[in-house]
Amino acid sequence: MSEPGAFNINGRTYHFDTPGRVVLLGAQWHDQIVSQLIADAAEVLRASGIEAEVMRVPGTFELPMATAMLLEENRQAVAQRGARPIEGVICFGTVVRGDTPHFEYISSATAHAIANLAAQQATPVLFGVLTTNTLEQAEDRTFGKHSRKGQELGIALLETMAFKRALRSA
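Residues in the sequence shown are numbered from 8 upward in steps of one, following the working numbering.
Encoded structure:
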């Protein structure tokens with residue numbers, strides 16, 4: 008384990024003088040999967056000295072709206088009360104293909120909205136939505152048979168936050 012405020016990924020050590028405020032936002036649908044994704048990301052962040060806040064929304068489609076509301080509320084709180092700024096958000100959900108076009112609508116709309124938010128914000132917003140053909144594929148990507156996407160996203164957020172901090176100090 009690294010010293011608090013430092014983490015090592017792929018042979019590089021990153022140092023955070025102050026731990027960042029991070030929110031892990033998860034959909035309630037497919038709760039067992041989303042909860043594990045969140046737990047794995049939180050574990051990676053905790054090992055780096057960051058205690059993530061967890062918030063839940065009804066479904067995957069609500070993730071972009073909730074993220075936009077969260078970041079705007081935080082921006083106002085920082086300006087008005089000196090609150091700690093949010094340095095990163097990971098949006099977690101699971102959408103499994105069914106017999107109707109619903110999968111395409113939800114997956115596409117959510118992916119585009121989160122990508123747009125990430126491009127428009129000065130805050131890293133990561134897409135942690137599993138879009139799979141079967142529930143088994145989602146489980147394999149969550150519980151380790153194929154990968155552990157929650158851990159991967161926790162690492163990606165740390166690296167993105169480190170990139171942003173490096174830009175500020177350049």
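Even glycine gets a Cβ: it sits at the ideal position worked out from N, Cα and C. Computed from a predicted model, the values in this text were never measured in an experiment.
- Under the three-state reduction of DSSP, Gly89 is assigned to coil, being neither helix nor strand.
- When the five nearest sequence neighbours on each side are left out, the beta carbons in the same chain lying within less than 8 Å of the beta carbon of Ala84 are those of Ala90, in order along the chain.
- Rounded to the nearest whole angstrom, the CA to CA distance from Val96 to Ala129 is 11 Å.
- With fewer than 16 other CB atoms across the displayed protein chains lying within 10 angstroms of its CB, Arg88 is exposed.
- Glu60: member of the beta strand (DSSP E) spanning 60-64, first to last residue.
- Under the DSSP assignment, Gly157 falls in the alpha helix (DSSP H) whose first and last residues are 156-176.
- When DSSP states are grouped into helix, strand and coil, Ile57 belongs to the coil group.
- In the structure shown, the three-state DSSP call for Arg82 is helix.
- Around the beta carbon of Ala163, 16 or more other beta carbons sit within 10 angstroms, so the residue counts as buried.
- By the neighbour-count criterion, in which 16 or more other beta carbons inside 10 Å mark a residue as buried, Lys152 falls on the exposed side.
- Under a 10 Å Cβ-count criterion, Ser55 is classified as buried, with 16 or more other Cβ atoms of the shown protein chains found around its own Cβ.
- By the neighbour-count definition (other C-beta atoms within 10 Å, threshold 16), Leu44 is a buried residue.
- Each residue's CA atom was taken as its position, placing Arg28 and Val102 some 27 Å apart.
- A residue is called buried once 16 or more other Cβ atoms fall within 10 Å of its Cβ, and Glu94 is buried on that count.
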